[in-house]
Amino acid sequence: MPSISADGPPHLVHTTANSFVDSAGRTLWLRGVNLSGSSKAPVGQPSYILEGYWEDAEAGGKDFIGQPFCLEDGSADVHLARLRGWGFNCIRYPVTWEALEHEGPGKYDHDFIHYTVRVLRKCAEYGFYVYMDPHQDVWSRFSGGSGAPFWTLHACGMDPRNFTATQAAILHSEFSPDPQSGGGGEHDPQKLPAMIWSTNYGRLVSQTLFALFFAGKVFAPKCVIDGVNIQDYLQGHFISAFKELAHVIAESAPELLDTCIIGWDGMNEPAEGFVGYEDLNIYPLKQGSTLKKGSTPTPAQSFKLGVGQAQVVDNWEFAAFGPKKSGTVTIDPAGKSIWLPEGGADDGTDEVDGVSKKWGWKRGKGWRLGTCIWALHGVWDVESGEILLPTYFRFSSGKGEVNFLKDHWLPHLDTYFSAIRVHHPNAIAFVQPPVFAKPPPVPESILGGRACYAAHYYDGLTLLTRHWNWFNADALGLIRGMYGTMLGAVRVGEGAIRKGLRDQLGYLKDDALQLGARPSSSSPSASTSFSSSEGDWKGRYPTLIGEIGTPMDMDSKRAYGYTDDGKYAGDYSRQERALDASLNAADGTNGIGWTVWTYCADSSHRWGDGWNMEDLSLWSAEGLRSSRTSGRLRMGSKAGKGSKVALLGSANSSGANTPAPGASALSLATTLPASRNSVPPSPATTHVVPSSIAGTNRSSVTLTTAANQPKSDAKFHSPSSTTSQRVPQPWSTPFAFLTDGARAYRAFARPWPVHTVGIPTSVEFDIGKASLKVVVRVTADDAPRAPASEEDVKKGEEDWRATEIFLPIVQFAADSAISSAPSSRSSSGLSTPAPSASMPTLAPNFASADPDDAYALSLDVKVSEGTWSVSGQTLRWWYDPPQASEAPKEVWIEVRRKGGVIKLKSLAVLECESVYEKDQGEGEDEPGREGKERTCATWLGECVDGCVVG
1 MPSISADGPP HLVHTTANSF VDSAGRTLWL RGVNLSGSSK APVGQPSYIL EGYWEDAEAG
61 GKDFIGQPFC LEDGSADVHL ARLRGWGFNC IRYPVTWEAL EHEGPGKYDH DFIHYTVRVL
121 RKCAEYGFYV YMDPHQDVWS RFSGGSGAPF WTLHACGMDP RNFTATQAAI LHSEFSPDPQ
181 SGGGGEHDPQ KLPAMIWSTN YGRLVSQTLF ALFFAGKVFA PKCVIDGVNI QDYLQGHFIS
241 AFKELAHVIA ESAPELLDTC IIGWDGMNEP AEGFVGYEDL NIYPLKQGST LKKGSTPTPA
301 QSFKLGVGQA QVVDNWEFAA FGPKKSGTVT IDPAGKSIWL PEGGADDGTD EVDGVSKKWG
361 WKRGKGWRLG TCIWALHGVW DVESGEILLP TYFRFSSGKG EVNFLKDHWL PHLDTYFSAI
421 RVHHPNAIAF VQPPVFAKPP PVPESILGGR ACYAAHYYDG LTLLTRHWNW FNADALGLIR
481 GMYGTMLGAV RVGEGAIRKG LRDQLGYLKD DALQLGARPS SSSPSASTSF SSSEGDWKGR
541 YPTLIGEIGT PMDMDSKRAY GYTDDGKYAG DYSRQERALD ASLNAADGTN GIGWTVWTYC
601 ADSSHRWGDG WNMEDLSLWS AEGLRSSRTS GRLRMGSKAG KGSKVALLGS ANSSGANTPA
661 PGASALSLAT TLPASRNSVP PSPATTHVVP SSIAGTNRSS VTLTTAANQP KSDAKFHSPS
721 STTSQRVPQP WSTPFAFLTD GARAYRAFAR PWPVHTVGIP TSVEFDIGKA SLKVVVRVTA
781 DDAPRAPASE EDVKKGEEDW RATEIFLPIV QFAADSAISS APSSRSSSGL STPAPSASMP
841 TLAPNFASAD PDDAYALSLD VKVSEGTWSV SGQTLRWWYD PPQASEAPKE VWIEVRRKGG
901 VIKLKSLAVL ECESVYEKDQ GEGEDEPGRE GKERTCATWL GECVDGCVVG
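Just so you know, we're using full-length UniProt numbering here: the sequence shown kicks off at 1 and counts up by one.
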């Protein structure tokens, strides 16, 4: 058993021996999802909407209440039950700085913060581990991404309304396919090219803002506001905003800390900006993490564009083997400048004698508005256009060549985590450097013995081309200089591609060796210190890939029925291959966790995740089987603020559908006792999810047996009323519930060891054979220790002595669990898993399914030693660790689905003569679907007209 401290709460998750470790000393794997991409913007303000975009921002912005989903209509329980049913036990929870402080400097949105606490309580009810994510992309929604409040742009002396004209940033809502339009062309956000938003990291606005945030004191000493340098001003507000969030959580919901909220991420995907730039006259020839696509001005050209001067710039396209120059384009801002004029903006945010009437700050006398701040610092001359100091950002005065990570990123990280730990002392520090950058050695003074390396990884070729290709490349190795030529990094064929992806995640796992303190003569223990130069250092901290995923809108939205007359509607086989390859890379000997990007409750086929045409959500309401009949789940409801789901009952007297009164489709009259790792539900709620769906003992929310409930409906309880109404259930089986609306679910709802006695040395899941093999190295020290509480000890060995493996019903379901017709249950194994009379049923109440059949798995299990049993989607496996005098040993388990992989009729799509009605919510057809009725297409064995898979 890895050595873990007895200090702290009894359910503290530890980070040691390159692993997360639970309180019993078992290796804990965390795998889950980012919840949610929708949280980048206020409800109803996705990135493609221009109406109100500037006006709302200049007035103090909109609140983010309702993100990541609505708590008032019961949808939260449905979404969280689905995520648990897929086997996820971890949530990365994005919150933007804008959401916390949009009204102005120091003005926190406590209504939103308390809403966030309510959502986190709900996550706790479902047994999730959560780590908080201070999310941003290319600085702000108002510079083409997400994150910082609008007022930070004015604080930096910028006029965001001129970003598009100068191409200083690409804004989705103002996008024009004609790069030479100077912002005056017709806006067509639907045509925003894939991943063009990320080129903003190489454009003037983002490069300037990150340089100011991380290194303003060095490179912009004249930029003083409220008596401090802009670096301290921006960092101070950023850190204070998230410190306030941590404070409110600790004060109002202290029970969430360490049991549910286990840690905090650093700033999402931080960037260097101009810091370290070698020559401002040229764009780097070597491809780095910043994408070259579309118009690509050099820094010198971007300076001139920023003050309104026309420029002829290179244009790039993404070809088969990466970015390729395709010609030039002329950008003419027609005199428009991104720099606020002297006296400030003319929108009510003007400044008099340096004092902002709207935002309240006082600008230093040396910071003169009306000119480029880099011209103000002598970097270039506006009149001649000459770059006077081409290596200005390469060197730090008196310190030689600048090292961004060591000199600027690391000190910020230290200040940030120190602030968070004032209110969350045991917080795990999820350390995330800039994308693809190897971190410098991170000292224990920052980590405090509780840390995780949380880099991001995407298969860039698939992300950019939106196609699963027959070739790929070791992009990370190429960027890090592991190859002399591009050809050496190329991988041809699916086997080579999958190995290449696994290699790249292996590089990231090796980066975790940078986390820890350099040893000294007084502290030689490798368990508490390290030097990156020591060859025998084996590391201390775990690795978790904070973001990983694949586009669902591949091949011109083929899976949505937009091509081939809808022939491939519902066929996510290509997405499945791509996502399986990425997640498979985390298995093998890597053995690392992940949180997939993303799950969006309001995802749509036309606009994807609602942000810059990204479409990576694992689920979409538009993939649901027909919502035409009474009791179906209709998404996208306009019923209330932030509402994304209305659970529809019978029609009322006016003929309109009546949503359930703010409650959950998963609520039944009573619940089973909470588990030892659970957090009590928030007051006035009794929402429940089955442990048999969840496949874990962390959830406090379970269901009573189906025998206690009516066969045709379930009861909804309103938090504000003692009355209840009954509505029909939309799903007949757990399998139907967990696959309805899911995209490429076989790739992400995967089997994996959740709690392991010992350390997994190899995990291999073959999606094509529905087979899993886990190899575990066990030592005498790995014997689990008894839980802290007597109550937990009384629960018996199954809670803390066993290795627990999640076996998803969507991979291993017996035929009887797929079909809605009852049939006899089969079982197998060394220890026969007989159904229990108290075994909870899935939520909702699957009336047409026999209680046993609903959870039946068809398994062929082999173990090297020990015994096993199955309950719901969890297999528990007991074996004896070696005695103290015995050598370490390896044990293994193999699990296969009897009969092989689940095959549904027609492989992917079942068509029938029934049709979906056109969407009623948006009042418009989707591109390529104009005037067409949708055929009933489903992976499952049912549709509204009773089609059944044979």
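The beta carbon of each residue, even a glycine, is placed where N, CA and C say it ideally should be.
- Counting along the chain, valine 130 sits inside the beta strand (DSSP E) bounded by residues 129-135.
- Secondary-structure assignment with DSSP links threonine 462 through no beta bridge to anything.
- Annotation: lysine 325 is outside any alpha helix (DSSP H); the continuous beta strand (DSSP E) that includes it extends over 322-331.
- Taking a C-beta distance under 8 Å as the contact criterion, aspartate 63 and proline 46 do not qualify as a contact pair.
- The three-state secondary structure of glutamate 186, taken from DSSP, is coil.
- Secondary structure remark: continuous alpha helix (DSSP H) runs of at least 4 residues inside the segment 426-484, in chain order: 444-447, 460-465 and 475-479.
- In the three-state scheme derived from DSSP, where H, G and I count as helix and E and B as strand, glutamate 614 is classed as coil.
- In this structure valine 33 is in contact with leucine 83, their Cβ atoms being roughly 6 Å apart against a cut-off of 8 Å.
- Taking a cut-off of 8 Å on C-beta distances, the segment 381-388 does not touch the segment 236-243, as fewer than three cross pairs fall below it.
- The segment 1-69 is shown to contain whole beta strand (DSSP E) runs of 3 or more residues at 14-16, 19-21 and 31-34, in chain order.
- Counting only the Cα atoms, phenylalanine 303 lies some 15 Å from threonine 391.
- Residue pairing by DSSP puts threonine 867 in a beta bridge opposite Trp878.
- Straight through space, the alpha carbons of valine 21 and serine 573 are spaced by roughly 35 Å.
- Its chain contains Lys222 as the residues whose beta carbon lies nearer than 6 Å to that of glycine 366, once the 5 sequence neighbours on both sides are disregarded; these appear in chain order.
- At a Cβ-Cβ threshold of 8 Å, tryptophan 264 and phenylalanine 128 do not count as neighbours.
- For the pair arginine 577 and alanine 747, the Cα-to-Cα distance works out to about 7 Å.
- Burial state of tryptophan 470 is exposed, judged by a 10 Å Cβ sphere holding fewer than 16 other Cβ atoms.
- In the displayed model, asparagine 590 falls within coil according to three-state DSSP, outside both helix and strand.
- Within the same chain, Met1, Ala24, Gly25, Arg26, Val757, Trp800 and Arg801 come within 8 Å of proline 784 by CB-CB distance, once the 5 residues on both sides are set aside.
- In this structure, the straight-line span from the alpha carbon of phenylalanine 806 to that of proline 751 is close to 5 Å.
- Contact between proline 888 and isoleucine 809 is absent: CB atoms are separated by about 34 Å, not below the 8 Å threshold.
- The criterion of a C-beta distance shorter than 8 Å is not satisfied by glycine 378 and serine 337.
- Annotated three-state conformation of histidine 424 is coil, per DSSP.
- With distances taken between CA atoms, valine 490 lies nearest to Asn472 out of Leu476, Leu501 and Asn472.
- For alanine 17 and arginine 161, the gap between their C-alpha atoms comes out near 51 Å.
- With a cutoff of 8 Å on beta-carbon distance, serine 198 and histidine 187 are scored as not near each other.
- Counted as a single uninterrupted DSSP element, the beta strand (DSSP E) harbouring cysteine 90 occupies residues 90-96.
- Distance from the Cα of arginine 118 is smallest, within the candidate group Gln432, Leu291 and Leu256, for Leu256.
- CA-CA distance, threonine 485 to methionine 554, rounds to 29 Å.
- The segment 139-158 makes contact with the segment 198-216, as at least three CB pairs between them are under 8 Å.
- Look at aspartate 860 here: in three-state DSSP terms it is strand.
- Taking C-beta atoms as the reference points, alanine 345 and aspartate 226 fail to come closer than 8 Å.
- Here the alpha carbon of arginine 363 sits roughly 12 Å from the alpha carbon of aspartate 350.
- For glutamate 894, the uninterrupted beta strand (DSSP E) segment begins and ends at 889-897.
- In this structure, valine 895 lies near valine 861, with their beta-carbon atoms less than 8 Å apart.
- In this structure serine 620 is buried. Its beta-carbon is surrounded by 16 or more other beta-carbon atoms within 10 angstroms.
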